[in-house]
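As numbered in our numbering, residues 36 to 848 make up the sequence shown, in order.
Even for Gly, the Cβ is constructed at its ideal location relative to N, Cα and C.
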Amino acid sequence: MIHQRLHEGWELRAVPGQQVPAEVAGRAVPATVPGCVHTDLLAAGLIPDPFVDDNETALAWIGRTDWSYETTFAHEPGDEDRVDLVCAGLDTVATITVNGTEVGRTENMHRGYRFDVRSLLRPGANTLAVRFDSAYRYAQARRDALGDRPNAYPEPFQFIRKMACNFGWDWGPTLVTAGIWQEIGLHAWSTARLAAVRPLVTVADGEGRVELHVEVERAADTPLSVRATVAGAAVEVVIPVGERTAVATLTVRDPELWWPRGYGAPALHRLDVTLCAPDGRTLDAWSRRIGFRSVRLDTTPDAHGTPFALYVNDVPVFVRGINWIPDDPFPSRITRDRLAHRLGQAAEADINLLRVWGGGRYESEDFYDLGDELGLLVQQDFLFACAAYPEEEPFGSEVAAEAAEQVTRLAGHPSLVLWTGNNENIWGWHDWDWQEPLAGRTWGRGYYLDLLPRIVGELDPTRPYWPGSPWSGREEIHPNDPAHGTTHIWDVWNTDDYTKYREYVPRFVAEFGYQAPPAYATLRRALSDEPLAHDSPGMAHHQKAADGDAKLRRGLDAHLPAPADFDDWHFLTQLNQARAIQLGVEHFRSHREVCAGTIVWQLNDCWPVTSWSAIDGDGRRKPLWYALRRAYADRLLTVQPRDGGLALVAVNETGEPWRAPATVTRLTLAGEPRAKTSAQLDVPPYSAVTLALPADLARPEEARRELLVAEAGDTAGRALWFFAEDRDAQWLAARFDATVEPVDGGQRVRVTARTVLRDLTLFPDRLDPAAEVDEALVTLLPGESVTFTVRADAPLDPAALTTRPVLRCVNDI
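Pasting the structure below:
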């Protein structure tokens, strides 16, 4: 068995067309494989960076052009029975030829293809060519043939099995790619090969069980054997002549279990599978690390409606989740190291679940391997988002093949705990005025409620499937009913103030978010605007949400003082995003007896953009990231409105009881105590306790000049409650002392407050784009201190580190 990668010597050419610029027409460009047209043209210096200013617009011609890739490779025929050309990922409408003979056509970015090319290969030099037809032309032709269907954006993305967000989104650029985006090569083999290996792992009564489903492709009709080992267990089964499948079962007594973050170690075990000929020769092999764990979803109706509660190893897991989008419009640029950094950022914020959103891709092996290692749970959407999708051919067959391949590919990953049928399409059919224009045409219901659950049920019954996000559990209940199943809350961003989150006590919130611009250094890299302004041309182009700038301003007006300049606007919009999501998360967690989880929109960005992300398109953490780390902490102390008053809520997401003395003090903004109460916290594992606060504490004498401070030692962060909005509060001018001292790899900035400092935040990227800080959004009372550790490649100016616009707080405005 021989694997030969074909990644070298590729050239790219544009197929002639009026839209092709003169500098590209007729030119051969070196091509990187895996890669795409955009990255090759960029590397050749033929197009500008699409992430800068409005360059994206000038590059629209690329997606409307046909492209040809070609390479020459050496081949020496052997005695193998088969030589297959294996294409792991072609984007998207491709025609493949070997030595001038067509071997196949593809129409789906989300699946792999294999073609027998042995008879076409010759000794010495061989030519492989892949032509990609315009994704636009293909999608528009399918739309014209099947009839248009509504979607959220004026692009035909639902008429091609391709990453939908390539066609633009309210956070993403319109960069319609083409290319060989995953590995391509030759696979020479004899007798038989492993066509699919599907381990179904379960745990029950102290016994780990691997039900190993193996499918072979044969070139000879001979008996075969499959051998498998894991965690000290071994098994061998025979595949008789004429058979192509086998099931082998391995059992492990009291295996070390795989646990999600916060619940135990994510133990992994190597599973090795070998396909052998009758004489014992190894024909093929497969290996993967698996985890022994069980997963189930509790949706048994109760007094509050229909829960959506995830259990791992029979332990209920409160989901502290976040949504994940493709980390780059050009997937070949997403390395394992980049993913490790990004998923590490998620884990550091006490996130325990990533939902892979349905407008992107089925995530990579690297992504899932890292999720397995980190104990991060993953919810994977099937790839349907914000549109009515046709179910007619060729799409019906393509979706079935794609789903079967991906369910099989991901079956061995313990991090994957839930399949979801689509993003917002069932909701869209109900509420987005789709039914009249559809006029009875298909829209995807058959996928979400029939085809996909059937495929998951047949190929991987160990994991739950949920038809959509949001979804109530039954067709007779509105799909976005907060009392049933999962819900998305978008009225807050679109029309209402973020305090409206407190009007919801949902069973599970699968999407909710609030916008802010990226880091200043990210803006300065991507935009040439002089001066920068919230509505300057580059800022406007990198704001893709409908009326996004006006919605940001509405949020500021409701809570914060008016910004005097761009620096104020940038700080306050980032602050408002952090506050909005922290308020929502803390509110939902405080109702954990009803609400079983939250998935914030969104962790990451794919380019520099004003969006809902916690980490911007250059990988920099926005203030929201620090607020999430606080709101998602294992032990959370929060002050919440309850029954016309206020209550202290302590949430314990650990396996140990939380017992600690707690104090709540009402203070003036000058730090003078007005009232105080004490209580003894006794919070059982994985639960919350609510303590009503005395009326004299909850009712200020002067709302504009007072706040509450709640503390419970060092086991949880301090909780604050302000009785007035910042725009109305009678702040004292910010006064503090600051010192800067060098440390290994950076500097330590110590700030001591002489007045209350509200949401003190340091922005070192304004001085050095590579600089990072360990903390943000710190509120200090008079006399208190905080130390920020700044990491940078070179020492930063101490004076600049401790003054505006690098060091900010609300009451410096």
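What first and last residue would you give for the beta strand (DSSP E) that runs through Ile461?
As a working note, residue 461 is residue 426 in the sequence shown. Element bounds for Ile461: not the beta strand (DSSP E) but the alpha helix (DSSP H), 460-466.
Roughly how many angstroms lie between the CA atoms of Leu728 and Ala685, to the nearest whole one?
On the sequence shown, residue 728 is found 693 positions in, with the first residue counted as 1. On the sequence shown, residue 685 is found 650 positions in, with the first residue counted as 1. About 13 Å.
Report all residues from its chain with a CB closer than 6 Å to the CB of Trp647; omit the five preceding and five following residues, and keep chain order.
What you label residue 647 is simply residue 612 of the sequence shown in a count that begins at 1. Cβ contact annotation for Trp647 (same chain, cutoff 6 Å, sequence separation greater than five): Gly548, Gln550, Trp636, Gln637, in chain order.
At what residue ranges does the stretch 226-262 contain a whole run of the beta strand (DSSP E), taking only runs of 3 or more?
227-239, 242-253
Please classify Glu696: is it buried, with 16 or more other beta-carbons within 10 angstroms of its beta-carbon, or exposed?
By 1-based counting over the sequence shown, the position of residue 696 is 661. For the sequence presented, residue 696 should be read as Pro rather than Glu. By the 10 Å Cβ count, Pro696 comes out exposed.
Check Asp640 in the structure and name its three-state DSSP category.
Locating residue 640 in the sequence shown gives position 605, where the first residue counts as 1. Note: Asp640 maps to coil in three-state DSSP.
Between the alpha carbons of Leu836 and His605, how many angstroms are there, rounded?
In the sequence shown, counting from the first residue as 1, residue 836 sits at position 801. In the sequence shown, counting from the first residue as 1, residue 605 sits at position 570. Taking the straight line joining both Cα atoms gives about 17 Å.
Give me the residue from Tyr667, Arg670, Thr673, Asn639 with the minimum Cα distance to Lys657.
Sequence index remark: in the sequence shown, residue 657 carries index 622 (1-based). The shortest C-alpha separation from Lys657 is found at Asn639.
What's the C-alpha gap between Pro488 and Pro502?
The residue you call residue 488 lines up with position 453 of the sequence shown. The residue you call residue 502 lines up with position 467 of the sequence shown. Distance between the alpha carbons of Pro488 and Pro502 is about 8 Å.
For the putative contact between Asp761 and Leu595, defined by C-beta atoms under 8 Å, what is the C-beta separation to the nearest angstrom?
Counted from its first residue, the sequence shown places residue 761 at position 726. Counted from its first residue, the sequence shown places residue 595 at position 560. Cβ-Cβ separation between Asp761 and Leu595: approximately 5 Å, consistent with a contact (criterion under 8 Å).
Would Asp416 pass as a contact of Val391 if the rule is Cβ separation under 7 Å?
As a first step, residue 416 must be located in the sequence shown, where it is residue number 381. As a first step, residue 391 must be located in the sequence shown, where it is residue number 356. Contact flag set, yes.
Decide yes or no for the touch test of the stretch 350-359 against the stretch 625-633: beta carbon pairs closer than 8 Å, at least 3 of them.
yes
Kindly list the residues whose CB is nearer than 6 Å to the CB of Glu807, restricted to its own chain and excluding five residues on each side of it in sequence; keep chain order.
Position 772 of the sequence shown, counting from 1, holds the residue named residue 807. Beyond the five residues adjoining it in sequence on each side, Glu807 comes within less than 6 Å, by CB distance, of Arg826 in the same chain, given in chain order.
For Thr237, I'd like the list of residues in its chain whose CB is within less than 7 Å of its CB, leaving aside the five on either flank, ordered along the chain.
In the sequence shown, the residue the question calls residue 237 occupies position 202. Cβ neighbours of Thr237 beyond the five flanking positions: Arg244, Ser329, Thr497.
Give the range of the beta strand (DSSP E) segment to which Lys711 is assigned.
The count along the sequence shown starts at 1 and reaches residue 711 at position 676. That run of the beta strand (DSSP E) goes 708-718.
Would the stretch 586-594 count as touching the stretch 104-111 if we require 3 or more Cβ pairs under 8 Å?
Taking a cut-off of 8 Å for Cβ pairs, the stretch 586-594 and the stretch 104-111 do not touch, as fewer than three such pairs fall below it.
Runs of 3 residues minimum, wholly inside the stretch 711-779: which ones carry the beta strand (DSSP E) assignment?
Counting whole runs of 3 or more residues, the stretch 711-779 contains the beta strand (DSSP E) stretches 722-727, 741-746, 754-757, 771-778.
Pair every Cβ in the stretch 503-518 with every Cβ in the stretch 335-343, then say whether three or more of these pairs are closer than 8 Å.
yes
Grouping DSSP H, G and I as helix and E and B as strand, with all else coil, what is Glu43?
The count along the sequence shown starts at 1 and reaches residue 43 at position 8. Looking at Glu43 - three-state DSSP - the assignment turns out to be coil, as it is neither helix nor strand.
Let me make sure I understand the geometry here. Which of Thr796, Gly315, Ala773, Asp809 has the alpha-carbon closest to that of Ala834?
Reading the sequence shown from its first residue, position 799 is the one you call residue 834. From the listed residues Thr796, Gly315, Ala773, Asp809, the smallest Cα separation to Ala834 is found for Ala773.
Can the beta-carbon of Leu120 be found closer than 7 Å to that of Val165?
The residue labelled residue 120 in the question sits at position 85 within the sequence shown. The residue labelled residue 165 in the question sits at position 130 within the sequence shown. Taking 7 Å as the Cβ cut-off, Leu120 and Val165 do not qualify as a contacting pair.
Please indicate yes or no: does the CB of Phe402 lie closer than 6 Å to some heavy atom of the ligand GTP?
Ligands are entirely absent from the displayed structure, and the ligand GTP is therefore not among its contents.
List the DSSP bridge partners of Gly326.
Taking the sequence shown and counting its residues from 1, the one referred to as residue 326 is at position 291. Note: Gly326 sits in no beta bridge, so no partner.
Using 7 Å as the threshold, is the C-beta distance between Asp88 and Ser563 below it?
By 1-based counting over the sequence shown, the position of residue 88 is 53. By 1-based counting over the sequence shown, the position of residue 563 is 528. Contact: yes.
Could you tell me the distance, in whole angstroms, from the CA atom of Glu440 to the CA atom of Asp495?
Your numbering for residue 440 matches position 405 in the sequence shown. Your numbering for residue 495 matches position 460 in the sequence shown. So the two alpha carbons sit approximately 12 Å from each other.
Which residues does DSSP list as the beta-bridge partners of Ser504?
Reading the sequence shown from its first residue, position 469 is the one you call residue 504. Answer is Asn458, bridged to Ser504.
Rounded to the nearest angstrom, how far is the Cβ of Val442 from that of Ile490, given a contact under 8 Å?
Start at 1 with the first residue of the sequence shown, and residue 442 comes out as number 407. Start at 1 with the first residue of the sequence shown, and residue 490 comes out as number 455. Contact flag correct, Cβ pair sits at about 6 Å.
Roughly how many angstroms lie between the CA atoms of Gly326 and Pro301, to the nearest whole one?
Here residue 326 refers to the residue found at position 291 of the sequence shown. Here residue 301 refers to the residue found at position 266 of the sequence shown. About 8 Å.
Does the beta-carbon of Asp779 have 16 or more other beta-carbons within 10 angstroms, so that it is buried, or is it exposed?
Numbered from 1 along the sequence shown, position 744 holds the residue referred to as residue 779. By the 10 Å Cβ count, Asp779 comes out exposed.
What does the alpha-carbon distance come out to for the pair Trp756 and Leu742?
Locating residue 756 in the sequence shown gives position 721, counting from the first residue. Locating residue 742 in the sequence shown gives position 707, counting from the first residue. Taken atom to atom, the span from the alpha-carbon of Trp756 to that of Leu742 is near 6 Å.
Reducing DSSP to helix, strand and coil, say where Gln193 ends up.
Position 158 of the sequence shown, counted from the first residue, corresponds to residue 193. Here Gln193 sits in helix by DSSP.
Does the Cβ of Ser713 have 16 or more other Cβ atoms within 10 Å, making it buried, or fewer, making it exposed?
As a first step, residue 713 is located in the sequence shown; it is residue number 678 there, counting from the start. Ser713 comes out exposed.
How many angstroms separate the CA atom of Ala95 from the CA atom of Glu428?
The sequence position of residue 95 within the sequence shown is 60, counting from 1. The sequence position of residue 428 within the sequence shown is 393, counting from 1. Cα to Cα, Ala95 sits roughly 28 Å from Glu428.
Counting beta carbon pairs with one atom in the stretch 660-672 and one in the stretch 367-378, are three or more of them shorter than 8 Å?
no
For Pro65, does the three-state DSSP call read helix, strand or coil?
Walking along the sequence shown from the start, residue 65 turns up at place 30. Residue state, collapsed to three classes: strand.
What did DSSP end up calling Cys200 once you bin it into helix, strand or coil?
As a working mapping, residue 200 is identified with position 165 in the sequence shown. In the structure shown, Cys200 sits in a helix (DSSP, three-state: H, G or I).
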